[in-house]
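Using the working numbering, you'd call the opening residue of the sequence shown number 116 and step up by one each time. Built from N, CA and C at the ideal position, the CB exists for glycine as well. Keep in mind it's a predicted model, so treat the numbers as computed, not measured. Reading through the structure tokens given below for one structure.
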Amino acid sequence: MMQQIANTPFYEITYLPRKNRIYFKVRGLWPSKRSIPNYIMDWRKALTVTQKRFSVLSDLSDMEAHPNDIKEFHEKVEELLNRAGVLKTAEVLADNKLHPFETPMKETTKFETLQAADRWLDYSTATA
């Protein structure tokens with residue numbers, strides 16, 4: 116059963132224990148760091164429920180380019196994920212909404228649909 120970690124107007128973080136997977140959904144434009152005051156804390160909370168070798172599926176299909184100060188938050192989350200031992204990450208992007216350098220995770224595989232990303236994570240984490 117999916118566990119709700121955070122649900123804000125700007126993002127949602129859930130965790131599915133049977134897949135040991137964090138699901139991250141971005142909503143629209145984040146105007147500033149002040150609009151997401153608990154972002155880092157919510158990710159830390161998510162990492163407390165994962166097991167070793169977890170995966171992350173990020174749905175960025177509704178995301179708009181963020182200001183530079185918010186990119187710092189994404190980099191901090193990436194650092195937290197790496198330190199916690201993330202095994203694989205996948206991102207779903209909308210056509211022409213983001214350039215690769217604007218996405219939150221640097222080392223990730225990109226997909227056009229959530230289903231394709233989820234299947235790839237299922238396969239790649241089972242064989243890793």
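Run through DSSP, which three-state label would residue i get?
{"i": "ARG136", "result": "strand"}
{"i": "LYS167", "result": "coil"}
{"i": "GLU187", "result": "helix"}
{"i": "VAL201", "result": "coil"}
{"i": "SER147", "result": "coil"}
{"i": "ASP177", "result": "coil"}
{"i": "HIS214", "result": "Note on HIS214: pLDDT 45, under 50, position unreliable in the model; the coordinate value appears next. Residue state, collapsed to three classes: coil."}
Can you name the start and end residues of the beta strand (DSSP E) that residue i belongs to?
{"i": "ARG122", "result": "According to the sequence shown, residue 122 is Asn rather than Arg. Note, ASN122: beta strand (DSSP E), 118-122."}
{"i": "ILE128", "result": "126-131"}
{"i": "THR224", "result": "224-226"}
Since residue i contacts residue j with CB under 8 Å, what's their CB separation in whole angstroms?
{"i": "LEU202", "j": "ARG159", "result": "Not confirmed; about 19 Å, so no contact."}
{"i": "ALA199", "j": "THR165", "result": "7 Å"}
{"i": "GLU179", "j": "LEU144", "result": "4 Å"}
Return the first residue and the last residue of the alpha helix (DSSP H) that residue i is part of.
{"i": "THR240", "result": "229-241"}
If you drop the 5 nearest sequence neighbours on each side, which residues of the same chain put their C-beta closer than 8 Å to that of residue i?
{"i": "SER147", "result": "PRO182, ASP184, ILE185"}
{"i": "MET156", "result": "none"}
Tell me which same chain residues have a C-beta within less than 7 Å of the C-beta of residue i, skipping the five on either side of it?
{"i": "LEU236", "result": "ARG136, SER170, LEU172, LYS203, ALA205"}
{"i": "SER239", "result": "LYS203"}
Excluding five sequence neighbours on each side, which residues of the same chain lie with their C-beta closer than 6 Å to the C-beta of residue i?
{"i": "PHE139", "result": "ILE128, SER173"}
{"i": "ARG168", "result": "LEU202"}
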